[in-house]
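Working notes for the structure below.
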Amino acid sequence: MISLTSEATVQLKKRLAEENEPNLGLRVFVAGGGCSGFQYQMVLENETRDGDFIGESGGVKVYVDEYSQRYLQGAEIDYVNNLMGGGFTVNNPNAVSSCSCGQSFDTADTAGAEQARSCGR
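Residue numbers (the numbering used here): 1 to 121.
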């Protein structure tokens, strides 16, 4: 479903250790918004929901809600440092276009369609 690069895993494990909650994982989902239609969202969470994909990458639990699964299938989360600072990025094979900031995207099957709905956050 979703994989994490080694650098993303290192950064997430640091953040998870700071929280000191044993069941904490990374929830990744898409929500409507941005100039391309969808936005990536990530939060640390310790509860799963009905229909969630529950996976693990590099020892980090990853949760994806049922709605977002089709848009994130095969995606890879990376962590990059640049002159503007560091942050997580999503390399998504389902995205056919994205805005210049890289925070929003569109897919072939949703181009011009209604906005995505949030996973409930």
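Note that CB positions come from ideal geometry on N, CA and C, so glycine has one too.
Residues bridged to residue i [DSSP beta-bridge criterion]
i, result
"D78", "T89"
"V10", "Note: V10 sits in no beta bridge, so no partner."
"L4", "I77"
"A17", "Beta-bridge pairing links A17 to no other residue."
"L26", "L44, V62"
Sequence-distant residues of its chain with Cβ nearer than 6 Å to residue i (five each side left out)
i, result
"Y40", "V90"
"A75", "I2, V90, N92"
Rounded Cβ spacing between residue i and residue j (contact assumed at less than 8 Å)
i, j, result
"M153", "V64", "This structure cannot settle anything about residue 153, because the visible part of the chain is limited to 1 through 121."
"T16", "V60", "For the record, residue 16 in the displayed sequence is Leu; it is not Thr. Indeed they touch by this definition, with Cβ atoms about 7 Å apart."
"L44", "L26", "6 Å"
"N46", "E21", "5 Å"
"G58", "T9", "3 Å"
beta-carbon residue i near the ligand FAD non-hydrogen atom, thresh 6 Å
i, result
"L72", "Because no ligand of any kind appears in the structure shown, any question about the ligand FAD cannot be addressed here."
- Evaluate the contact criterion for the region 74-90 versus the region 46-53: three or more CB pairs, one atom per stretch, below 8 Å. With fewer than three CB-CB distances shorter than 8 Å, the region 74-90 does not count as touching the region 46-53.
- Task: May I have a chain-ordered list of the beta strand (DSSP E) segments no shorter than 3 residues that lie completely inside the region 36-72?
- Result: Entirely contained in the region 36-72, the beta strand (DSSP E) runs reaching 3 residues are, in chain order, 37-45, 53-57, 60-64.
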